[in-house]
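Chemist:
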Amino acid sequence: MTECKILDGKKVASEARERIAVIVKEIKESGKVPPGLAVVLVGDNPASKVYVGQKEKACKEVGFESFLHRLPEETTQQELLELVAKLNEDPKVHGILVQLPLPKHLNETEVIEAIRPEKDVDGFHPMNLGKLVAGLPCTVPCTPKGIMYLLEYYGIEIEGKNAVVVGRSNIVGKPVAHLLLQKNATVTICHSRTKNLEAITQEADILVVAAGKPHFITQHMVKKGAVVVDVGINRLESGLVGDVDFDGVRMKASWITPVPGGVGPMTIAMLLQNTLEMYERTL
Ligand code: GUN
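To get our numbering, take the position in the sequence shown, counting from 1, and add 770.
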């Protein structure tokens, strides 16, 4: 049996970040203001705090300005919308990221729609998602962009392949399905109500899993030689695990992303890339 190879997100993300750092250094040396990312965190969701910390650190490492706004759990919708309006007008802020999920009393859709599409670094604004579906130039959400970058980096062929996406969120499942479709894959989207899921995943040449369920995809659900991309980050007592049973599935797959060290680092690298692209559009 040929050995399963690793889609090394940690390595590929680190190369992307180094490239961005070089560009930012040149920007600063030419006397221009650096790219700036505003991150808004509302409340005390522990996972969100970790993600926001990682994003801030990554910004600093490449030389971006990072503007962190930590708001208390009891922040009102009005207060949050006022902050977004202020960031929309701030010339030092090129990208705005409101960490999700927001506390239950806040209206996420309204907050996302309040971000100017040119500063919507997550690509979650309906204007950006609509353009993505239409195949027009837009800001692509960071995780789907990172997945496509990783597949391209390792020369994984997409055209004509059966791609199966497990999960239909606006953040990952739907956008990555459209990006795979744009690359001429035959795409199937599965979700919690899909009947006979394993019959579908067994046909996948490329399997992208964003189900949010630890070790949901097991060896018998995967076709021999498949490329398996695991978007899951599940915190168990035993540590971080993906949505894919890595040890079992690697016996069948030709390529697989590890957790951690696969898709996660790519998401952060693409956040930096999106911020840089938004900055460059303002020049
Ligand atoms: N929550 C989980 N993933 C993300 C992301 O990519 N962006 C934002 N804003 N919130 C998230």
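Glycine residues also receive a C-beta, built at the ideal position from the N, C-alpha and C atoms.
Using DSSP with H/G/I as helix, E/B as strand and the rest coil, what is Leu967?
Modeler: It is helical.
Chemist: What would DSSP say about His990, mapped onto helix, strand or coil?
Modeler: Here His990 sits in helix by DSSP.
Chemist: Could you compute how far the alpha carbon of Val822 sits from the alpha carbon of Pro816?
Modeler: One C-alpha to the other measures close to 10 Å.
Chemist: Report yes or no: do three or more beta-carbon pairs, one from the segment 1026-1043 and one from the segment 771-779, lie closer than 8 Å?
Modeler: The answer is yes - the segment 771-779 touches the segment 1026-1043, with three or more Cβ pairs under 8 Å.
Chemist: Determine the direct distance from the alpha carbon of Ala996 to that of Asp1013, and round the result to whole angstroms.
Modeler: For Asp1013 and Ala996, the distance between alpha carbons rounds to 16 Å.
Chemist: Are the CB atoms of Leu841 and Val810 within a distance shorter than 8 Å?
Modeler: It is a contact, given that the beta carbons lie within the stated cut-off.
Chemist: For Val999, is the beta carbon positioned less than 7 Å from some heavy atom of the ligand GUN?
Modeler: Incorrect: Val999 has no Cβ contact closer than 7 Å to the ligand GUN.
Chemist: Please return the same chain residues whose Cβ sits closer than 7 Å to the Cβ of Glu883, not counting the five positions on each side in sequence.
Modeler: Taken in chain order, the residues that qualify are His895, Pro896.
Chemist: What does the alpha-carbon distance come out to for the pair Ala955 and Gly925?
Modeler: Cα to Cα, the separation comes out at about 15 Å.
Chemist: Shorter than 7 Å, the distance from the beta carbon of Val760 to the closest heavy atom of the ligand GUN, or not?
Modeler: The question about residue 760 has no answer, for the chain in this structure spans 771 to 1053.
Chemist: So, with DSSP's three-state summary, where would you put Glu940?
Modeler: The residue you asked about is not Glu; residue 940 is Asn in the sequence shown. Three-state result, Asn940: coil.
Chemist: Within the segment 847-891, note down every full alpha helix (DSSP H) run reaching 4 residues or more, in order along the chain.
Modeler: Counting whole runs of 4 or more residues, the segment 847-891 contains the alpha helix (DSSP H) stretches 847-859, 878-884.
Chemist: So if DSSP puts Arg1005 in a beta bridge, which residue, or which two residues, is it bridged to?
Modeler: The partner list for Arg1005 (beta bridge, DSSP) reads Leu1010.
Chemist: Taking the beta strand (DSSP E) that Val957 belongs to, which residues open and close that run?
Modeler: Looking at the DSSP string, the run of the beta strand (DSSP E) that includes Val957 is 956-960.
Chemist: Put Ala981 into one of helix, strand or coil per three-state DSSP.
Modeler: Reduced to three states, the DSSP call for Ala981 is coil.
Chemist: What span of residues does the beta strand (DSSP E) with Arg1020 cover, start to end?
Modeler: Arg1020 -> no beta strand (DSSP E), and no H or E assigned at all.
Chemist: May I have the straight-line CA-CA distance separating Leu920 from Glu843, to the nearest angstrom?
Modeler: Each residue's Cα considered, the two are about 36 Å apart.
Chemist: Report yes or no: do three or more beta-carbon pairs, one from the segment 1037-1047 and one from the segment 1014-1026, lie closer than 8 Å?
Modeler: Verdict: no, contact absent.
Chemist: Pick out whichever of Val935, Lys830, Leu1041 has its Cα sitting closest to the Cα of Glu973.
Modeler: Per the Cα distances, Val935.
Chemist: Closest by CA to Met918, which one among Glu1007, Val998, Val1011?
Modeler: It is Val998.
Chemist: Please list the terminal residues of the continuous beta strand (DSSP E) segment that includes Ala808.
Modeler: That run of the beta strand (DSSP E) goes 806-812.
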